[in-house]
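In terms of UniProt numbering, the sequence shown opens at residue 1 and continues consecutively. We put the beta carbon where it would ideally sit given N, CA and C, even for glycine. This structure is a prediction, so every number in the text was calculated from the model and none was measured. Only one structure is covered here, and it is reproduced in the block below.
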Amino acid sequence: QGWNITVDLVIGPKGIRQMTSKEAKPTCLAEFKHIKSIKCSSVEEGRAVLQLGLSGTPQSLAIKTASLAEAENMADLIDGYCRLQGGSETSLIVFPRREREKRISLPQIPAPHLEERHSALSDSVSVDSDIYAEIPDESSRPRSGVQHYGISREDVTLGRILGEGFFGEVYEGIYTTPKGERVNVAVKTCKKDCSSENKEKFLSEAVLMKKLDHPHIVKLIGIAEEEPTWIIMELYPYGELGQYLEQNKHCLAVPTLVLYALQISKALAYLEAINCVHRDIAVRNILVASPECVKLGDFGLSRYIEDEEYYKASITRLPIKWMSPESINFRRFTTASDVWMFAVCMWEILSYGKQPFFWLENKDVIGVLERGDRLPKPDLCPPVLYTLMTRCWDYDPSERPKFKDLVCSLSDIYLMEKELAKEQERNNRHRPPKIMEPPAFQEPPPKPSRHKYKPPPQSNLLAPKLQFQVPEGLCASSPALTSPIEYQSPANSLHTPPLNRHNVFKRHSMREEDFLRPSSREEAQKLWEMERLKMRQVLDKQQKQMVEDYQWLRQEEKSLVTRPRVCGSGWSDSFLSLTDGVAEFTGPPQKPPRLVAQQSIHPAPTANLDRTDDTVYSNVMDLVRAVLQLKNEISLLPPEEYILVVKNVGLSLRKLIGSVDEILPILPAASRTEIEGTQKLLNKDLADLINKMRLAQQNAVTSLSEECKRQMLTASHTLAVDAKNLLDAVDQAKVQANLVKLCLE
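This is how it looks when you write it as structure tokens:
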């Protein structure tokens, strides 16, 4: 978009081509299959521009013509070729509204250098605010008609002042409804001396809010249009989210913070669906309805983007530190720029209300963003959530996720954080008492032989009243009896190793500080490395034992009496292949009890039956083959194609359950309960596989990618095992009902 070229266009069956001279060969500009939209608009001096939206690129191909008629003729020709080659009857020509044709197109990249843009921006910064700043523009803001949603001013009683907005004060009040109900409200006022243009801006927020209906968007009650103008909204007692986070930072857990982000993403997905951009997403514009519910408010900067795909801002005060690069440079606002702002808002939430880039001035933000720098990860932010934030901060707007995708991702992260919090709570209940210094009145008197020594401050290890000692000689000869958590190098002082159960029960001498405390940082590091080496040796020993157990299990299986082979072999080979494929993910199985005697009343679950016309057996085999395909291809497929192999597994499972339902009525009633329960378990296994697939897709570019793939393979293995159990249950029911016969070798 930085230059213009005069060319001759050749539009024919091969696409749109250009010729810079008569001797040159035509160069392809675009193929018809890549054209997604065609738009004509008039520009200055009677000229026109033809814009072709192309797939795979956010920028459109712009062709300037001498007249609007020439551009329209060219558009009809291109549209005809597109429909002819695509076999579609739908036209690709977009007819914008007449008033929108007068709008100025996206400006070119500013000519001044970065420093000049900085100075131009700094001159427009408002004196009374370091959050909002003006971005100069010569165009004027298009006006929109204001509809009337009036209520009587007499029905509203004002109370104390809650704060001050751009146009006037915000009051607490009580609104009496026509039914006589009294409702607590917040009243935004507009000053009497406000200009008609500012009054229209003030009322435009109410007009937009009146059309919104979402559980996580502030509800508008009405407008009092007499001077001074009032906007009446619901009152939320907990106030703004930013202040709420600062005041309650010590009692707000990470799952609650993720829940707030999830609720706001749902509200923004609703705005995305109705083609509305908010342009001011921040914790100061989010209200807390309850400790578990927040609502998005302050739609003073919101606009409908309708057919234009972006809104071009006029002279107004904008929150620079929350804005995307294209919004700062070009005043261009889209749902993608809202995604950027939402990620900044998430950063605020996880930082308990800190302002983004608080160490920078407004004029310096764009330089930082264009260098590729982004906000750092908050201390308590889950890594997977910060990865999601960085995706929202992609410089290319087309690479940022949609809000509907963010809702799915945040829902999964919220569930993960809830489960993690529950697990930590369970672990805390079973955790031994912390090492605490006993109160002075609980200290036992010193022993007569040690009257000159004072008990150590950390001698209370197991219980507040339990005191014990270790001989000094034993401690001196056994440095391992000293917990390594006491010694940290300054480099690792910010990453204190967790206090585990083994460290809690290590004994200390009363005078260990005299001869066990390291004299230098090197000695402390050496002690810590010794402890890590011992832990590594223990883990290696356990891993070796697991391998030996697995080898023993395979040997025991070979020594057992061989089971009757399934007629039409294929199940055992497929299932063993599947088991071997996921052994590294599920770990070695437990040692089975040795068989003392064969006391078989019923035939073996995988019986030697005649499988002729056995649809259940064939469908189970198809399902196992689908799982094997998933195992073999999951490492080769890109994340967006995981769904193909999982869908294949789901279709195979549907066929299997359908075949079982067909024969279920003729099976004994006593067997149906087990079969139906196994069917429900299979459906649950499939849901778990789908959840693991979604996690693997979301973490494809993170360090959790391989772990998510392992979980996905484990879930598919569980599904195959339960399918085999379903086959066994059906076989046993058939044997009881005499519906099958043995296969004769």
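Looking only at E234, S152, K210, the smallest Cα-Cα distance to V187 is reached by E234.
The C-alpha of L162 lies about 45 Å from the C-alpha of N691. Residue pairing of Y175 in beta bridges, as defined by DSSP: V156, V183. The three-state secondary structure of W230, taken from DSSP, is strand. Under the 8 Å Cβ criterion, the region 252 to 266 does not count as touching the region 194 to 208, having fewer than three qualifying pairs. Apart from the 5 residues on each side of it in sequence, S398 sits with its Cβ closer than 6 Å to the Cβ of P58 in its chain, given in chain order. Classified as exposed, D379 has fewer than 16 neighbouring CB atoms from the shown chains inside 10 Å of its CB.
Per the DSSP secondary-structure output, T615 pairs with nothing in a beta bridge.
Boundaries of the beta strand (DSSP E) around Q51: 48 to 54. Its Cα nearest to that of Y352, the residue E240 stands out among I666, E240, D396. The region 663 to 670 makes no contact with the region 682 to 691: fewer than 3 CB pairs, one atom from each, lie closer than 8 Å.
Per the Cβ contact rule, the region 174 to 192 is in contact with the region 215 to 227 (3 or more Cβ pairs under 8 Å). In the structure shown, Q542 falls within a helical segment according to DSSP collapsed to helix, strand and coil.
In the DSSP annotation of this structure, the continuous segment of the beta strand (DSSP E) that includes C28 starts and ends at 27 to 30. In this structure, L92 lies near D79, with their beta-carbon atoms less than 8 Å apart. By the CB criterion at 8 Å, S652 and L623 fall inside the cutoff. E169 has E164 as its beta-bridge partners, per DSSP. In the DSSP assignment, the residues bridged to K295 are L287.
In the same chain as Y244, and ignoring 5 residues on each side of it, the C-beta atoms closer than 6 Å to its own belong to Y238, V288, in chain order. Linking Q551 to Q542 through their CA atoms gives a straight-line distance of about 14 Å. Note on geometry: alpha-carbon atoms of R279 and G150 lie some 26 Å from one another. Taking C-beta atoms as the reference points, Y175 and V183 count as a pair closer than 8 Å. When DSSP assignments are scanned along the region 313 to 347, the uninterrupted stretches of beta strand (DSSP E) that are 3 or more residues long and fall wholly within it turn out to be 317 to 319.
If you draw a straight line from the Cα of N738 to the Cα of T673, it is about 19 Å long. Apart from the 5 residues on each side of it in sequence, G650 sits with its Cβ closer than 7 Å to the Cβ of L686 in its chain, given in chain order.
The alpha-carbon separation between I11 and E44 amounts to approximately 26 Å. Between S337 and E326, the C-beta gap is smaller than 8 Å, which places the two residues in contact. In this structure, the straight-line span from the alpha carbon of N725 to that of I663 is close to 17 Å.
In this structure, V344 places its C-beta atom within 8 Å of the C-beta atom of P356. Going by C-alpha positions, C251 is about 21 Å away from P383.
Taking a 10 Å sphere around the C-beta of I274, we find fewer than 16 other C-beta atoms and assign the residue as exposed.
Secondary structure of Q59 (DSSP, three-state): coil.
Comparing C-alpha distances from C28 to each of S37, H34, Q18 shows the shortest one belongs to Q18. Under the rule that a run must span 4 or more residues, the alpha helix (DSSP H) segments found entirely inside the region 668 to 734 read 669 to 698.
Sequence-distant Cβ neighbours of D8 in its own chain, meaning closer than 6 Å and more than five residues away, are M19. Within its own chain, the residues whose Cβ lies closer than 7 Å to the Cβ of D298, once the five positions on either side in sequence are excluded, are D280, N285, listed in chain order.
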